[in-house]
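Below: the structure, in structure tokens.
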Amino acid sequence: MDPTARVVLRIENLVKRYRPERPPVLDGPSLTLHEGEYVAIMGESGVGKSTLLNLLAGLDRADAGRIEFDGVELGSLDDDAATLLRRRQMGFVFQAFHVLSYLTVAQNVALPLQLLDVAADQRETRVAAMLAAVGLGGQGDRHPRELSGGELQRVAIARALVHRPRLLLADEPTGNLDPRTAAVVLDLLRTQARNQAGAGILITHSLAAAETADRILVLDGHRLEPLAPVRDNSPRAPMPGAAR
Amino acid sequence: MTFRCWAQLTLAQWRDQPWRTLTTLLAIAVGVALAAAVWFVNTGALAEFGQATRRLVGESDLIVRGPARTGFDESLYPQLARLPGVETASPVLELEVALAERPGTLRLLGIDPFRAGQIQPTLFAELSGEFLDLFAPDAVFLSVAAAHKLGVQPGDRFDIRVGTGRRSLQVLGLLSDDAYPRSLGLMDIASAQWTLDRLGTLNRIDLRLSPGSSPAAIRARLAGLLPAGVQAIEPAIERDRAVSVTRAYRVNLNMLALVSLLTSAFLVFSTQSLSVLRRRTGLALLRALGLTRGELQRALFAEGIALGALGSVLGVLAGHLAAAWLLHRLDGDLGSGQLSVSAAALAPQPLAALAFVLLGTLAASAGAWAPAREAAHRAPAQALKAGDAEPALARLRGGRPGLALLALGALLACLPAIGGIPVFGYLAVAALLLGGVLLAPRVTATLLAHAPRSGHLVLDAGLAQLRGGVGLVTVGLAAVIVSFSLMVAMAIMVFSFRESFVHWLGEVLPADLQLRVAQGSDTGHLEPAQQQTLAALPDFSQVEFRRIVPLWLDPARPAITVIARDFVPGRGPAVLPLLYPVPTDPSLATGSSADAGTDTSTATAVTAAADPATDPSTAALPPLWISEAIVDLYGWQPGEAHELPFAGQRRRFRVAGVFRDYGRSNGALVIERAVYRRLSGDARASEASFWLAPNRSVTAAIETLRQALPGGRDLELLESTQVRELSLRAFDRAFLITYALEAVAVAIGLLGVALAASAAAVARRGEFALLRHVGMLRRQVLAMLAGEGLLTSLIGVIYGLLLGGVLSLVLVYVINRQSFNWSVEFAIPAGQLAAISATLVLAAALTAILSGRAAMSGETVRAVREDW
């Protein structure tokens, strides 16, 4: 990590609870992400990984704590402002792909550019380039129904990156894919995240997937701890005090 | 979001679901087409009516009118002509003359051509033939419509009936359609008086005033000059009256036509809700990609508007074509029989067309608004997860607003009509309907929660599915609940009306035979000597003669009908379908007050109410019985004393009771004929009832009657059973368009069910495939769907029946009463409703099975994989 790189994302003591009578899903994790950094977040089911991602994207609101994106505090933005920030600066990849079935591949990829009102000729050029980058060159006219799971996820990655976001958020992008396809997709994600985006966060259960990132953090609800490096096959222990 | 982006997404969505889109478009188009067609036909017919009235009114500033059949003495004419401020006075004898050898009447105007030429110049502008030939004693000019109706040309002759005899008239020439678009004959006034046995009598004088003279001032001066029953009317009132006669019927028909549009709005609501639900993850994705809440809401709302606008444009075009066809084929008559026109052309009505496009678009927008708002306010993070459909629809449950609307509806139903139109009644129906629909999810949830488990896996799985998806169920049912409940309400109203009508016919037709000289004519009648001849015939044990004459109580309203009838001694008004007589009235049983009838020509127009039991002067007055319309329109009440003009004198009568009259919604009153004869000097009869003597055959009696009078072949003689049949046939014909409009509304509602079922089946493909994977047989899945369809439609039907029952109370007791001024006894067509309900339930179950089959027709494995 370049210590002189700008901070893209800063999270401080986030708290999120869905029901008042139950313990919070997130209870104080903090994180700083610099430009060009690509981190993986792991954790058991239900520890709040997806909740964290939704909070970062402004899709949900934290009950306490602070999220700063490029110096802007998300909590100070209303829904529209948060949405516009997401539109311009963020890219999303989901486990379930979420590709619109009634649009072609190219139309799906072009959606963020259309929302940003990019001129049609520029849009076409960028979509074609992006599709080529994810290995779907010349397949823009196909419909999602004709694609395999791996291809669908490539479409989703292309869509997440086509508008050159500052932050890429990927939520279990390989959860529905076989290992071979998953490896291809992860490689693509890593490469494209580095080439196109300012920073990236990969949420995953898979250690293999996490290892494609620059660093791996483990979320236990309260803290984001770095995963301790191990040399054998036993589980790695977190490295104390390395969260910040 | 740019328009281009929105258009691309919307069009792609429509292309992806072409049948859903087309069906929604079709539903809106049909709703708009019906509403527009009814409107265009009525306005086309009214335009012709309006033009005809304008031609007859011409340039007159005041119209002096007397009783149509008895008229007034022609000596009034020179008095008015000499009146200061009157520039021209034109004497007129205006009568509906009975035609010979064909049913119906012809409006005939006897005029002074030189005078009338000054007041109605347009009428004479394009007269073909020699103007001066009009002075020939049997000469008549006919409008093109009248010549067409009679099948005659210039030079031909045709017969009319006067009394029971015939008179022959010769057609001299034609008035063009431009001059007068309806059926009309013009005669010289002297010839008309001679030919129609009205010597020395006029019934109308048109006045054109000198420049600077005020019509109001002249009217005030005329008030002291005109005999009782003769009124000076301003042309605007004359024109409006022609339109007001049919207003209630037209408004009712328009409202009924709007039912389809309303159903379409709910169909749009259903389809958009389900569409939004089906696309929930896609829409959440758009939100995740940066589409703001407002942008999403506007985009979805615009989708509904676009559908509405497209459907409405198609609907207006179709409505225009349908209206042109109806005007051409049915002469514009949509059932009332009062708006029949012969030459109405369908003129383009751009403003009305635009209004219907806007109305259709508004209806679709209203349907699309709630789903759009709901989708925009859904948290995208949750919506991105599968299976959040039910929480999303939970917001659509409107318990409190539903109850508030029901209460508002009940309140509105208690308010009176405005200008004879039950505005608040219609609003009450709308409020109750919307309230009922809003309460539907809650009621459905309660019913499903209490539905017992069958112990059968397939059925219980279906029930569990329904319990988990109450929102989905009720969204699908919204359109059918609306259309079915309205249909139930209409069916109850029409059935109640029909039952009351049948009962009424039985009461008013107690005799074996009915004779009518010529229905609706001012010239067909039986002279006193002829009445004696008929009464003396041995075929009959009893004969009752009636004189029917129109009478103006208020120049702004249509004439009421005075029925002077021979009461049977000792029976009195028992032949009337009495609703409430005055309980203490001593003369009710006899009806013999021929010695009364006080001349009160110096009295005020209407006297105050008086209790006949305590006021001897009122009790001594001759009784009259009034129809419900007189109570509603003129505010008369039993026990009160009121005046009627006869032979130029005002006569006081006592209101002895109220009767039901489904024949005349403008009002009727019954007095004893002996009283009428003495007061008016008119001893003629318009119709009669005959009771057969023992062992006499009806056929022989009819033949005897025909031979007893000259022109007996022209008499309308019918057995009472035939009159009943004809009346019921006319009744059913009048409601034919009602049934047709309702059927369309229900068809649209069923379309809504089909769309909902198919959308739900497609959305549940993954579930079906999963069930197949775990070993459920195909037929078991279909049985589960059929069970769900049966149960949901059963709930919808029961709910529709209950809601329709409530709405029918408003229709029967508020809208019907305020529109037509007669009461109806509430009756429920149990068999009809059961048959329709069963059809609807089976159709819904069948739809569910067909949708399920279609949804399962694909590859099972693929369906599971595609559950994204």
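Protein chains in written order, with the working numbering: chain P, 16 to 259; chain R, 1456 to 2323.
Beta carbons are placed, not taken as given, at the ideal position from N, Cα and C, and that holds for glycine.
Local Cβ density within 10 Å of residue i, reported as buried at 16 or more and exposed below that
i: R:Cys1869; result: exposed
i: P:Tyr33; result: exposed
i: R:Phe1596; result: buried
i: R:Asp1611; result: exposed
i: R:Thr1560; result: buried
i: R:Trp1959; result: buried
i: R:His1980; result: buried
i: R:Gln1468; result: buried
i: R:Thr1901; result: exposed
i: R:Gln1608; result: exposed
i: R:Pro1856; result: exposed
Three-state secondary structure (DSSP) of residue i
i: R:Pro1568; result: helix
i: R:Tyr2089; result: helix
i: R:Arg2107; result: strand
i: R:Asn2150; result: coil
i: R:Arg2144; result: Here residue 2144 of chain R is Ser; the residue named in the question, Arg, does not match the sequence. Correct three-state label for R:Ser2144: strand.
i: R:Gln2273; result: helix
i: R:Ala2044; result: Residue confidence for R:Ala2044 is low, a pLDDT of 41 falling below 50, so the modelled location carries little weight; the figure read from the coordinates is stated next. Of the three classes helix, strand and coil, the one that applies to R:Ala2044 here is coil, per DSSP.
i: R:Val1723; result: helix
i: R:Ile2342; result: Only positions 1456 to 2323 of chain R appear in this structure, which leaves residue 2342 of chain R out of reach.
i: R:Phe1811; result: helix
i: R:Ala1778; result: helix
i: R:Leu1681; result: coil
i: R:Asn2121; result: coil
i: R:Ile2283; result: coil
i: R:Ser2175; result: helix
i: P:His49; result: strand
i: R:Gln1686; result: strand
Beta-carbon neighbours of residue i, restricted to chain R and to distances below 9 Å
i: P:Tyr33; result: The contacting residues do not exist; P:Tyr33 stays about 10 Å from chain R at best.
i: P:Leu99; result: Gly1745, Thr1747
i: P:Arg102; result: Leu1744, Gly1745, Leu1746, Thr1747
Per-residue contacts from residue i into chain R (C-beta, under 8 Å)
i: P:Pro44; result: By Cβ distance, chain R contributes nothing, its closest Cβ being about 18 Å from P:Pro44, past 8 Å.
i: P:Gln168; result: Chain R residues near P:Gln168: none, gap ~11 Å exceeds 8 Å.
i: P:Arg141; result: Within chain R, no residue comes near P:Arg141; the closest Cβ sits about 15 Å away, beyond 8 Å.
8 Å Cβ cut-off: residues of chain P touching residue i
i: R:Leu1839; result: Phe109, Ala111, His113
i: R:Arg2220; result: What R:Arg2220 touches in chain P: nothing, since even the nearest Cβ is about 13 Å away.
Bridge partners - residue i, DSSP secondary structure assignment
i: R:Ser1598; result: R:Leu1630
i: R:Ser1545; result: R:Asp1661
i: R:Ser2082; result: R:Phe2114
i: P:Leu232; result: P:Ile56, P:Pro241
i: R:Pro2005; result: R:Thr2016
i: R:Phe1527; result: R:Leu1657
i: R:Met1456; result: Paired residues: none, contrary to the question.
i: R:Glu1551; result: R:Arg1562
Per-residue contacts from residue i into chain R (C-beta, under 7 Å)
i: P:Leu192; result: Going along chain R, no residue has its Cβ under 7 Å from P:Leu192, so there is no contact; the nearest lies around 13 Å.
i: P:Gly118; result: It is Leu, not Gly, that sits at residue 118 of chain P in the sequence shown. Chain R residues near P:Leu118: Ala1467.
i: P:Leu74; result: Ala1743, Pro1835, Ala1836
C-beta neighbour in chain C for residue i, strict 8 Å
i: P:Gln122; result: The chain labelled as chain C is not found among the protein chains of the depicted structure, namely P and R.
Interface residues of chain P facing residue i [CB-CB closer than 7 Å]
i: R:Asp2087; result: Those within 7 Å of R:Asp2087 in chain P number zero; the least Cβ separation is about 57 Å.
i: R:Cys1460; result: Gln129, Leu130
Contacts of residue i in chain P (Cβ-Cβ under 9 Å)
i: R:Asp1457; result: Note that residue 1457 of chain R is Thr in the sequence shown, not Asp. Simply Gln129, Leu130, Asp132.
Subject >> Contacting positions in the segment 1826-1837 of chain R - beta carbon closer than 8 Å to chain P >> reply: Ala1834, Pro1835, Ala1836
Original post:
If contact means a Cβ-Cβ distance below 9 Å, which residues of the segment 1722-1756 of chain R contact chain P?
Top reply: Arg1734, Thr1736, Gly1737, Ala1739, Leu1740, Leu1741, Arg1742, Ala1743, Leu1744, Gly1745, Leu1746, Thr1747, Arg1748, Gly1749, Glu1750
Subject >> Interface positions of the segment 80-94 of chain P facing chain R (Cβ-Cβ less than 8 Å), listed along the chain >> reply: Asp94
Original post:
For the segment 127-161 of chain P, which residues have a CB atom closer than 7 Å to at least one CB atom of chain R, in sequence order?
Top reply: Pro127, Gln129, Leu130, Asp132
**OP:** Report the residues of the segment 1471-1489 of chain R with a CB closer than 7 Å to any CB of chain P, ordered along the chain.
**Re:** Asp1471
Subject >> Residues from the segment 204-225 of chain P in contact with chain R, defined by Cβ distance under 8 Å >> reply: none
**OP:** For the segment 47-71 of chain P, enumerate the residues whose C-beta is nearer than 7 Å to any C-beta of chain R, in chain order.
**Re:** Asn69
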